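Structure first, commentary second.
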């Protein structure tokens, strides 16, 4: 319910009226959520001090070990990774509290009531629109290189990329050639080609690129300069990539290229995106997202049922001994 209110485009008070929720009730939920996460919102039942859905100590240790081995992952990503790999549900709030207790986290994990960050007309399928852009990367002794990327807007999947020595229209079209071939969109029988979204850089306004796109029946949208939501997804990709790739120095273009390739593979197939319901770009791009979400829900229900069963079994044994 909190997330429903958070994501609403209406003011909080108006959203609560439509949902028929008292303001004081909602803010009580919000305070509990901020203090203890999802589990603070579950109904309380009388019983022993240990909550029935408390994570067993062995699982707590395993989560902490995972956090130590994957220090770059957030509590959200750790929770999803543990659930997927161990087939045992653990919530983001539980992971956050475990890491907080170990002094692994010093800043708040939750930011509520954020402003909307969506396009007015978001894409509804893969290969409907591709975002493309360049970013700068330096090779010591060689100078600047330019990474040209094509990113699928719907799934955030990196469809194609090239490390170039310039930022020409030819570099853009070469990257698009790879993207079209990878997706099979280069075939004559494909009627609906992706729409291209770019900024107004010289390579994107060039007549050479316009001719290339016209020959392939591709439309082109150039974003408004300085508009924060125009190419937000590919800009976030650039930041994520640089935060990892630029941790090292590169003395040969081939070394930089190999590191980018490694990160693209990680980004596409391993990185969970909150905006994609904690799926990876590849999960969405290849259409297996709903199957994974259904599996996670089954794991969650099975885990909670098991915890409840173990709780009442332990409670029964405690009563027999007392």
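Numbering (the working numbering), first residue to last: 208 to 529. For each residue, glycine too, the CB sits at the ideal point set by N, CA and C. Since the structure is predicted, the reported quantities are computational estimates derived from the model, not experimental observations.
Extent of the continuous alpha helix (DSSP H) to which residue i belongs
i	result
residue 308	299 to 308
residue 559	With the chain running from 208 to 529 in the structure shown, residue 559 is simply not present.
residue 382	376 to 390
residue 275	264 to 276
For residue i, three-class secondary structure by DSSP
i	result
residue 497	helix
residue 236	helix
residue 331	coil
residue 411	helix
residue 426	coil
residue 527	helix
residue 280	coil
residue 311	coil
residue 393	coil
residue 220	helix
residue 512	helix
residue 419	helix
residue 506	helix
residue 295	coil
residue 285	helix
residue 229	coil
residue 518	helix
Anticipated Cβ contact below 8 Å, residue i with residue j, distance rounded
i	j	result
residue 405	residue 429	6 Å
residue 204	residue 489	The chain is shown only over 208 to 529; residue 204 falls outside these bounds and no answer can be derived.
residue 293	residue 402	With 8 Å as the limit, residue 293 and residue 402 do not qualify as a contact, their Cβ atoms being about 41 Å apart.
residue 233	residue 359	Not a contact, Cβ separation roughly 37 Å.
residue 449	residue 425	About 28 Å; that fails the 8 Å criterion.
residue 297	residue 344	Wrong, their Cβ atoms sit about 37 Å apart, outside the cutoff.
residue 423	residue 260	Actually they do not touch by this definition, with Cβ atoms about 55 Å apart.
residue 302	residue 479	No, residue 302 and residue 479 are not in contact; Cβ-Cβ is about 13 Å, not under 8 Å.
residue 506	residue 290	6 Å
residue 299	residue 282	5 Å
residue 330	residue 295	About 34 Å separates the two Cβ atoms, so there is no contact after all.
residue 470	residue 451	6 Å
residue 279	residue 285	So it is not a contact: roughly 10 Å between Cβ atoms.
residue 419	residue 380	5 Å
Terminal residues of the beta strand (DSSP E) in which residue i lies
i	result
residue 369	365 to 371
residue 359	350 to 359
residue 405	402 to 405
Within-8 Å CB hit, residue i to chain D
i	result
residue 312	The chain labelled as chain D is not found in the depicted structure, where only one protein chain is given.
Exercise for the section: Could you tell me whether the segment 459 to 466 touches the segment 436 to 449, where touching means 3 or more Cβ pairs closer than 8 Å? Expected result: Contact between the segment 459 to 466 and the segment 436 to 449 is absent, because fewer than three Cβ pairs lie under 8 Å.
Problem - Sufficient close CB pairs (3 or more, under 8 Å) joining the segment 372 to 387 to the segment 405 to 419 - result: Yes, they touch.
Practice task
Give a yes or no on contact between the segment 382 to 390 and the segment 516 to 527, applying the rule of three or more CB pairs nearer than 8 Å.
Solution key: Contact between the segment 382 to 390 and the segment 516 to 527 is absent, because fewer than three Cβ pairs lie under 8 Å.
Exercise for the section: Specify whether the segment 262 to 274 and the segment 480 to 487 touch according to this definition: at least 3 beta carbon pairs, one from each stretch, less than 8 Å apart. Expected result: The count of Cβ pairs closer than 8 Å, one atom from the segment 262 to 274 and one from the segment 480 to 487, stays below three, leaving the stretches out of contact.
Exercise for the section: Kindly confirm or deny that the segment 346 to 365 and the segment 443 to 450 touch, where touching means at least three C-beta pairs closer than 8 Å. Expected result: Judged by Cβ distances under 8 Å, the segment 346 to 365 makes contact with the segment 443 to 450, as three or more pairs qualify.
Problem - the segment 347 to 354 in contact with the segment 302 to 311 per 3-pair CB rule at 8 Å - result: Verdict: no, contact absent.
Practice task
Let me know the alpha helix (DSSP H) ranges lying completely inside the segment 436 to 500, each 4 residues or longer, listed in chain order.
Solution key: 439 to 452, 460 to 476, 488 to 492, all fully within the segment 436 to 500.
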